[in-house]
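There are 2 protein chains.
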Amino acid sequence: MEYQTLTQALDAFDRYQKTLSAYRHAMGVLSLDAVTAAPEGSWEGRGKTMEVLSGVVYDLTVGKENGVLFDYLQSHLEELTELQKRELEQARKEYDRMQRIPAQEYIRYNVLLNEADAVWHKAKAENDFASFCPILEQIVEFNRKFAGYYNPDLPAYDALLNEYEEGMNMETLDKFFARLRDTIVPLIEKIRRVPQIDDSFLHRHFPVEEQRKFSDYLMELMGLNRAYCGIGETEHPFTTNFGNRDVRITTHYFENDLASSMYSVIHEGGHALYELGCDDCYNYTLLSGGVSMGIHESQSRFYENIIGRSPAFVHAIFPYLQEHFPRQLEGVTEEMFYRAVNKAQPSLIRTEADELTYCLHVMVRYEIEKQLIGGTLEVKDVPAVWNRLYREYLGIDVPSDREGCLQDSHWSGGSIGYFPSYALGSAYGAQMLAVMERELGDVYSFVAQGNLEPITQWLKEHIHRYACLKKPGDLFREVCGEFDPKYYTDYLEKKFSRLYGV
Amino acid sequence: MEYQTLTQALDAFDRYQKTLSAYRHAMGVLSLDAVTAAPEGSWEGRGKTMEVLSGVVYDLTVGKENGVLFDYLQSHLEELTELQKRELEQARKEYDRMQRIPAQEYIRYNVLLNEADAVWHKAKAENDFASFCPILEQIVEFNRKFAGYYNPDLPAYDALLNEYEEGMNMETLDKFFARLRDTIVPLIEKIRRVPQIDDSFLHRHFPVEEQRKFSDYLMELMGLNRAYCGIGETEHPFTTNFGNRDVRITTHYFENDLASSMYSVIHEGGHALYELGCDDCYNYTLLSGGVSMGIHESQSRFYENIIGRSPAFVHAIFPYLQEHFPRQLEGVTEEMFYRAVNKAQPSLIRTEADELTYCLHVMVRYEIEKQLIGGTLEVKDVPAVWNRLYREYLGIDVPSDREGCLQDSHWSGGSIGYFPSYALGSAYGAQMLAVMERELGDVYSFVAQGNLEPITQWLKEHIHRYACLKKPGDLFREVCGEFDPKYYTDYLEKKFSRLYGV
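First to last, the sequence lines map onto chains A and B. Residue 483, in my numbering, is where the first sequence stops; the numbers in between run on with no holes. Residue 483, in my numbering, is where the second sequence stops; the numbers in between run on with no holes.
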C-alpha cells in the first residue's frame, strides 16, 4: 500500500510493532508454561502451535508491505523522534535478516527447539548424552547456517556473538578471557595452598517451604514489585518478561543447599529489576526489554556477586537468616556466613560456581562453541572435550555428562554465543561499581542497612530506563567510558586475596 | 481461491483447523497463566495481546475464502468421511455465527473479559460488589447482544443455554428444576429434624504439603496419566486442555478443610479423564474436546459424587488417609468419614456444597441469569435477589457478597448459561450409572478395591472417545435412551434417606 501521510505510516508502524509484540508474548508464555507447569507429554501439541505462530511471525516480519513502510519512514527520517528512528533501525534490521532466512528453515528451527527442550530434560535426567546428540547436531547446523544469514561478512561464531552482544567478536573475547585466566588461575593456585573455608552449614536441611519464604524476603529487599514480578520453580533458573509490567523469575530449591536458590533469586532478581526499570514508552515496541545479554548479565551478576556476596549484604540479611533458620545456623556468625557463600573452589556446575572460578566455566563453553561453529569439533566429541577442558582450566574430573556438558539449558534452547555474556557482564558490573561509587560514595554503607534503593535507582537512571534505545556498546561507554577488564580483575584479586589472606 | 481437487480443499480445511487450534492453544495458555502464575499487574499487557490474537481469530473465522471452501466441500459431501462431515458442519456453524458478530464487538468482548478477571478477583477479595458491577453490566449487555447473533430465532437466554448444551432451553430446565426442588426441599426438611452428622474432624489442620501429596494419590487412583495431566493451584478450581495430551486441572487448598480440595481434585479429574479419553483423530480439529458442558459435568460430578462420595470409594482410600493423617483422623472410622463427606446442610458456597443441596445453588444462579438476560433484573440488584433466593431455596442468610454473588468466576469469565449444566450433568450421571450397572454389574465392587479402571473404560468407550463427533443429545440418547431426571431424584432420595434414616 501507499502511504499518504506520515501519521498514517506511523500508525501502521505502531500496529506492526504491537502485533509482533503480541505474538512474542504468546510464544513466550507458551515457552514459560512448557518449563513451569505443562505436563511432560504436551510438547508435541505445543510444537504444532509454535509451528503455526512462528510461521505467522515470519510472514509478518518479511511482509513486502514492510519494505514500503520502512522506505516511506526512512524518507521522513528528520521528522521522526529519536525513539522512532531507533525503532525503524531495529525493524529494518530484523526485516533484512529475516528475509535472508528461508521460511521453512525458520519454522523448522522453532519446532526443533520446542522438541529439544523435552529431549534435553530427559537426557540430563538419564545422563544420556547420546540421546541428545542428534538434536544438538541439528541445532549447531542451524546456527552455523543462521550465522550466515545474520551477517554473511563475519566469521560464523562472530555473527552469533553479535546476536547477544552487538559488536562483540572472538578477537576481543580471546584477549578478555586470556586476561581473566592470567588473574584467576594463579589466584586459585594460591588459594589451594591455604586452609579452606567451611561451608558445611549451608548444606544442612533447609525445608523448601522456608526457602520459598526466604525468596519472598529477598525479592522484597531488592525492591521487586510483586504486582509486576512473579516467581516460579524450574529445573534451571531464568528470567523472562512481557513488557515492563510482567516479569517472571524462576529458581530451583535444593533442601540441602541454602545458597543455591538464594543466589539464583538475587541473580534473576537483577535481571528482573532491569526489565521492570525500562521506561513505559518501550512497551509493545521492538525496543522493549534489556538491550543485550552482556548488559543483562551485568545487572544480574552485579546483584548476585558485587552486592549479594558482599559483607554488607550478609550483614543486612543475617538477622532474617538467624530468625528463620535458627537450628541450621546455630553457632554460625555473620563472618562465617560471608566466607561460606564466597568459598572459592573448582567445581562441576556453572550455576553453582563461586564468583572466582565462574568465568572458567564460561571459558570451557566458549572454547567448545567456537570450535563447534568453526567446524573443528563434532557434537559427538563434545563430552570428551568438555571433560578435558574442565581438567585443564579447573583441575577437576567430570564424573558424568549430567554434571558435565548436559548441565545447561542454553544449547537445547538454541543459544550458542550466549555464554560469553556472563563473563562480560561480570566485568561490566565491576566497572559500573567504580563509576557508581564515584557518584554515590560508599554504596556498601546503604547495602549494610538493607537499603538497595539508591543502587537500583542509579542503575535505572543510567541503564534500565533506556531499554533498547541505545546500542549496548554506546550505553556502556556513556556511563563507564571504554570497557576495561582491569576493573574486574582488580576487584577479584582484591576480594579473594583478602578473603583467603593470600 | 478456487479448488481444483477435493484433496486440495481438504488440505486447506486441515490447515484452517490447525491454525485455529494453534490460536486457541496460545490464548488458552495465556488465560491459564493469568490465573496460575502471572503477577497481578500484568493484565494490561495480556489484554493487548488478547486483543491482537482475538482479532486474528475473528479474521480467520470470517475469512471470505472460508465460504468458498465450505461450499466446495459441501458439494462433495458424499465423498467425505463422517468425521469430515461433522468438522464441516461445525466450521460452517462457527463461520455463520461469527459473521453475525461485528469484529469490533468480538475483540472488545475478549479484552473486557481479560480485564474482568482481575476486577472480579479484587472485588471478591475486598467484598466490594460495587466495583464489579459496571463490568458485569457490560458482560451482561454483551451476552444479550451475542445471544441474538448466536441464534436470532430463540429467546436470548435459550440462545445462551445452547452455547453450553445444544438443544437445551428454559422450558426443559424449568420443569427439570421444579422436579428437583420437589425432591430436594422436602428431603432437606426431613433431614433438618434429625440429628446432624459430625464432620468437625474434616476441619482439623491438614498441612498443604500433605494435601498436595493426597492430590497426587487421588490422581493416580483415578488413572490420570501425569505425563499428559498437570495440576495447579488457583482461586477457583477448573480444568482446561489443549488436545488430549495436555490437560490441566487446578485445585485450591484450605488448611482447615480436607474435603474441599479432595473433591475438587476428583471433580476436575473427571473432566480431565473425559479430555484425555478423546480419540487422537480429534486433536487440532474443530471437534477436539468434550462436546458440551452438561456432558462434561456429567463426568466430573459422576466421579465427584456417585463414585467419590460412595461408601466403596471411602473404603478404598481410607487406609491412605489413616496413614497420612493419623493425628487428624484419630478415632475416625470409615463410616464416620463417609457420613462426614456426605453431610447435607444448606450452606453459602456452591463449590463446597454437599451433593443434596448443590442443585439449589445452581437454581439461584439460573433464576438470576434468566432475569438478567430476559431484562427483568438489573445487575445492581443482583446481590439483593441473590440473598433473597438463598433464603427462599436454602433457608439461609448471606452475610456478604464475597460469600454470595461474588463467589463464582463464571460471570466474570463471560459464562452466562453455564450453571444449569452442573445440575444437568449430575442428572445425566445418575442415568449413566444405571446403564453402566446393567452392563458391568455392581460397579461399587470395583470401586471398593480402588479399581476405577472398568468404570473409566466404560465411559471412555461410550462417551469420551467421541469428543465432539456426536451432538450432546444424540450422544446421551445412544448410551442412555431418553433423558429422565427420575434416575437422579431416585438416586438422591435413596442415598440421603438411608444416610439420615428419614
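Yeah, the Cβ is synthetic: ideal placement off N, Cα and C, and Gly gets one too. Everything numeric in this text was worked out from a predicted model, so none of it was measured.
Spatially closest choice to residue i from the options, by CA coordinates
i: A/Ala411; options: A/Thr221, A/Lys467, A/Leu161; result: A/Lys467
i: B/Gln80; options: B/Gly355, B/Gly48, B/Glu96; result: B/Gly48
i: B/Ala(-10); options: B/Asp52, B/Tyr90, B/Thr232; result: B/Asp52
i: B/Lys126; options: B/Glu144, B/Gly431, B/Glu86; result: B/Glu86
i: A/Met274; options: A/Phe219, A/Leu58, A/Thr357, A/Gly22; result: A/Phe219
i: B/Thr17; options: B/Val121, B/Ile212, B/Ser407; result: B/Ile212
i: B/Phe464; options: B/Val10, B/Phe157, B/Ala128; result: B/Phe157
i: B/Glu333; options: B/Thr470, B/Gln(-15), B/Ser245; result: B/Ser245
i: B/Ile82; options: B/Pro115, B/Pro133, B/Asp(-5), B/Cys114; result: B/Pro133
i: A/Glu46; options: A/Tyr(-16), A/Asp180, A/His57; result: A/Tyr(-16)
i: B/Leu183; options: B/Leu135, B/Gln55, B/Ile172, B/Glu236; result: B/Glu236
i: B/Phe195; options: B/Ser181, B/Ile172, B/Met243, B/Glu170; result: B/Met243
Residue i burial status per 10 Å Cβ neighbour count (16 or more: buried)
i: A/Asp163; result: exposed
i: B/Gly258; result: buried
i: B/Gln388; result: buried
i: A/Ile287; result: buried
i: B/Thr437; result: buried
i: A/Ala253; result: buried
i: A/His224; result: With the sequence shown as reference, residue 224 of chain A is identified as Gly, and His is not the correct amino acid for it. The residue is buried, with at least 16 neighbouring Cβ atoms inside 10 Å.
i: A/Ile330; result: exposed
i: A/Leu154; result: buried
i: B/Leu50; result: buried
i: A/Ser396; result: buried
Residue j beta carbon less than 8 Å from that of residue i
i: A/Gly289; j: B/Asn264; result: no
i: B/Ile138; j: B/Gly394; result: The sequence shown places Tyr at residue 138 of chain B, rather than the Ile named in the question. Taking 8 Å as the Cβ cut-off, B/Tyr138 and B/Gly394 do not qualify as a contacting pair.
i: A/Glu249; j: A/Ser281; result: yes
i: A/Val272; j: A/Pro20; result: no
i: A/Ser390; j: A/His217; result: yes
i: A/Val366; j: A/Ile349; result: yes
i: A/Ser112; j: A/Val100; result: yes
i: B/Ser402; j: B/Glu146; result: yes
i: A/Gly482; j: A/Val175; result: yes
i: B/Tyr347; j: B/Phe400; result: yes
i: B/Ile165; j: B/Leu370; result: no
i: A/Ala404; j: A/Leu161; result: yes
i: B/Glu60; j: B/Leu(-13); result: yes
i: A/Gly431; j: A/Leu202; result: yes
i: A/Tyr131; j: A/Arg78; result: yes
i: B/Leu13; j: B/Thr221; result: yes
i: A/Glu75; j: A/Thr30; result: no
i: A/Ile178; j: A/Ala321; result: yes
i: B/Asn95; j: B/Gly28; result: yes
i: B/Gln(-2); j: B/Leu239; result: no
i: B/Leu255; j: B/His277; result: Going by the sequence as given, residue 255 of chain B is Tyr instead of Leu. Yes, the Cβ-Cβ distance between B/Tyr255 and B/His277 is below 8 Å.
i: A/Tyr90; j: B/Ser23; result: no
Given a limit of 9 Å on CB to CB distance, which residues of the segment 242 to 263 of chain A reach chain B? none
For the pair the segment 419 to 431 of chain A and the segment 371 to 387 of chain A, tell me if three or more CB-CB distances fall below 8 Å. no
Contact the segment 342 to 360 of chain A vs the segment 66 to 80 of chain A: 3+ CB pairs below 8 Å: no
Short of 7 Å Cβ to Cβ, which residues in the segment 21 to 49 of chain B face chain A? Glu21, Gly22, Ser23, Glu25, Gly26, Lys29, Thr30, Val33, Leu34
With three or more beta-carbon pairs closer than 8 Å as the criterion, would you say the segment -13 to 7 of chain A touches the segment 28 to 35 of chain B? yes
Cβ-based contacts, 7 Å cut-off: residues of the segment 207 to 219 of chain A near chain B: Arg207, Ala208, Tyr209, Cys210, Gly211, Gly213
Decide yes or no for the touch test of the segment 332 to 348 of chain B against the segment 99 to 106 of chain B: beta carbon pairs closer than 8 Å, at least 3 of them. no
Interface residues of the segment 0 to 11 of chain A facing chain B [CB-CB below 7 Å]: Thr0, Ala3, His6, Ala7, Val10, Leu11
Residues from the segment 179 to 194 of chain B in contact with chain A, defined by Cβ distance under 8 Å: Glu190
Given 8 Å, three or more beta-carbon pairs between the segment 305 to 324 of chain A and the segment 443 to 453 of chain A: no
With 8 Å as the limit, tell me which residues of the segment 218 to 232 of chain A have their beta carbon closer than that to any beta carbon of chain B; keep them in chain order. Phe223, Gly224, Arg226, Asp227, Val228, Arg229
Three or more C-beta pairs below 8 Å linking the segment 428 to 442 of chain B and the segment 179 to 193 of chain B: no
For the segment 434 to 461 of chain A, which residues have a beta carbon sitting closer than 8 Å to at least one beta carbon of chain B? none
By the 8 Å beta-carbon criterion, what residues does the segment 260 to 290 of chain B contribute toward chain A? Asn264, Tyr265
For the segment 145 to 169 of chain A, enumerate the residues whose C-beta is nearer than 9 Å to any C-beta of chain B, in chain order. none
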